[in-house]
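Novice: First residue of the sequence shown? That's 70 in my numbering, and the numbers climb one at a time after it. Glycine included, every Cβ here is placed at the ideal spot set by N, Cα and C. One structure is given below, represented as structure tokens, and several questions about it will come after.
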Amino acid sequence: MADLRKNYVISHGFDESGRLHLQQWLWRSQLGWNIHPAIELSKSGGVRIADHGCGNAAWLLSIASELEREQYSHVSFFGFDVAGVHYPASQNIPQNVKLGILDAFADNIPEEHVGQYDVVHVRVFTAVVKNNDPKPLIRNAYKMLKPGGYLQWDEFDGGSFKAVAPGSNPDTSSVTVAATQEMLDTSLQSSQRAMNLKYSWVGMLGSLFEQCGLDVIEEKRMDVKNELRKAMTDSLLMMLSHVARIAVRDGNMIGTDKNWNELWTKAGDEIGQGVSITMDMLVVVGRKPLD
């Protein structure tokens, strides 16, 4: 059985939980929804929604509150991760939200989860998918879905990492992005070496859904909104700093510590002048056939 704890850089600190809250706010602000409007949920009850890699349950709690306001009755929410270090106390969350331990890449999904969910949600697994192959996760999600159920995958495209000058037309900006882009390129190479990461699968996600038996009903790629660039920059810098510590620890950092510190300092100066760090945002929605 695959063990994500051996493959995924997990931070147990409160700063990582804070980053996950920021990430949820960023996605909700960008999209305007938690569940894609094309996903049809019954208002008559019995709906079950699962979230893989749920972290601190920020998405689950947001969608639970949202559906309650929209008067969906008897909806149950299930959050899964390989460790519960960021889970809120069960006494502090609604009774219809349950959090448990489940490896999204497990060789065998427990029978209790097979064919049980109307929606399975996945978000930002770029640092989790190994060997450029997310199909084991997609197949497991397929097994978990009821006939006619939906898989929604929200993802950052790590291959589109870029530094962007401020303004609506960055090409005419007087602010340079060279140091920030060099820092990003170095970080990307180091993380790929440290964690065996590749990102070409992200652009093929819709095709991979189809290979695993899902009918793709939506596939969308977006630039982050200008007003959300700062939030994305803060979130990505927190992630990069954590990955950098792991890469340095394991001897996988490209260049010397001196060069790395110099890169971060120069990039920080540019970011202080309004330079942003962005990645493309993607949403792919697939549906399991009814028969």
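(1) Which ranges would you report for the beta strand (DSSP E) in the region 156-199 if only whole runs of at least 3 residues count?
(2) Verify whether the separation of the beta carbon atoms of Tyr141 and Lys167 is less than 9 angstroms.
(3) Let's test the definition: count the other Cβ atoms within 10 Å of the Cβ of Arg356 and tell me whether it reaches 16, buried, or not, exposed.
(4) Use the C-beta contact count for Gly115: other C-beta atoms within 10 angstroms, 16 or more gives buried, fewer gives exposed.
(5) Under the rule that 16 or more other beta-carbon atoms within 10 Å means buried, what is Gly82, buried or exposed?
(6) If we count Cβ pairs, one from each stretch, closer than 8 angstroms, do we get three or more for the region 224-234 versus the region 245-259?
(7) Grouping DSSP H, G and I as helix and E and B as strand, with all else coil, what is Glu287?
(8) Of the choices Ser237, Asp226, Val151, whose alpha-carbon is the least far from that of Tyr268?
(9) For Ile340, which residues from the same chain have a beta carbon less than 7 angstroms from its beta carbon, with the 5 sequence-adjacent residues on both sides left out?
(10) Examine the Cβ distances between the region 170-189 and the region 290-304 and report whether three or more of them are shorter than 8 angstroms.
(11) For Phe146, which of Asn161, Arg117, Met273 has the nearest alpha-carbon?
(12) Whose CA, out of Ile162, Phe149, Ser98, Gly343, lies closest to the CA of Ala175?
(13) Around the C-beta of Thr334, are 16 or more other C-beta atoms found within 10 angstroms, so that it is buried, or is it exposed?
(14) Look at the alpha carbon of Glu181 and the alpha carbon of Leu214, and state the distance between them as a whole number of angstroms.
(15) By DSSP's criteria, Arg117 is part of a beta bridge. Which residues make up the other side?
(16) Whole angstroms is fine: what's the gap from Ser86's alpha carbon to Tyr156's?
(17) Tell me the rounded alpha-carbon separation between Thr347 and Ser304.
(18) Among Arg208, Leu171, Trp102, which has the Cα closest to the Cα of Gly153?
(19) For a quick check, are the C-beta atoms of Ala173 and His90 less than 9 angstroms apart?
(20) Looking at C-alpha atoms only, which residue of His190, Asn165, Asn161, Ser256 is the closest neighbour of Asn103?
Specialist: The answer reads as follows:
(1) 166-170, 186-192
(2) no
(3) buried
(4) exposed
(5) exposed
(6) yes
(7) strand
(8) Asp226
(9) Thr249, Thr302
(10) no
(11) Arg117
(12) Phe149
(13) exposed
(14) 12 angstroms
(15) Ser145
(16) 9 angstroms
(17) 10 angstroms
(18) Leu171
(19) no
(20) His190
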